[in-house]
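Enquirer:
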Amino acid sequence: MRSLVVGVGAGRGVSADAVLGLVEEALRDAGLPADDVVELATVAAKADEPGLVLAAARLGVPLRSYPAPELARVAVPSPSAAVAARVGTPSVAEAAALAGGGELLVPKRKAAGPGARVTCAVARRRLLNVGPGYTGGETALTARPAPESLDRERP
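Per the numbering used here, numbering through the sequence shown is continuous, rising by one, with the last residue being 159.
1. Are there 16 or more other CB atoms within 10 angstroms of the CB of ALA79, so buried, or fewer, so exposed?
2. Considering only the alpha carbon of each residue, which of ARG121, VAL41, VAL126 lies closest to ALA100?
3. Going by DSSP in three states, PRO54 sits in which element: helix, strand or coil?
4. Three or more C-beta pairs closer than 8 angstroms, one from the segment 85-103 and one from the segment 21-39: is that the case here?
5. Could you pull out every residue in the same chain whose Cβ sits closer than 6 angstroms to the Cβ of ARG6, ignoring the five residues on either side in sequence?
6. Run the CB neighbour count on GLY55, radius 10 Å, all protein chains shown included, and call it buried at 16 or more, exposed below.
7. Looking only at its own chain, which residues have a Cβ that is under 8 angstroms from the Cβ of ALA115, when we skip the five neighbours before and after it?
8. Got a sec, what are the start and stop residues for the alpha helix (DSSP H) PRO73 sits in?
9. Buried or exposed: where does PRO94 fall if 16 or more other Cβ atoms within 10 Å of its Cβ makes it buried?
10. Please work out which residues of its chain come closer than 7 angstroms, Cβ to Cβ, to ALA20, disregarding the five sequence neighbours upstream and downstream, and give them in chain order.
11. Between the alpha carbons of PRO37 and ALA103, how many angstroms are there, rounded?
12. Would you mind giving the Cβ-Cβ distance between SER82 and GLU98, rounded to the nearest angstrom? I have them listed as a contact below 8 angstroms.
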């Protein structure tokens, strides 16, 4: 059932390989299939970050972005004052993963190693139309943007 949203926080200039490496590791460690990812999500200020755009394209999913004030309203287990000071929201990865509703499956993880500037978190989006006749396609939650969100289509 395709319903996973991966929230990603990243520094400027992060590579798609760094993003994908962390995302794939987080999914693998949690026993979650990469094929179930329906989107990458981040803060609007990073929506044009080439490494994020390319990572989403390689996964074959859209990159959705949310304004910082919208992410700041999402309750998360790992808020950061440092992130709030830099970006305007105390969470990017967890808040972006949860912004469309759902359950946090993988809390914020940071890439390891020197110069690693990427975090991710994974949530399972609530599905609305799961019942007789459901074919595993889009749901009302994955087919339309959340309020105030900015969608970026695949390149």
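Note that the Cβ used here is the ideal one computed from N, Cα and C, for glycine as well.
Expert: On the basis of the data shown:
1. exposed
2. VAL126
3. helix
4. no
5. ASP40, VAL42
6. buried
7. ALA22, GLY25, LEU26, ARG121, VAL122, THR123
8. 72-76
9. buried
10. GLY55, LEU58, ALA59, ARG62
11. 21 angstroms
12. 6 angstroms
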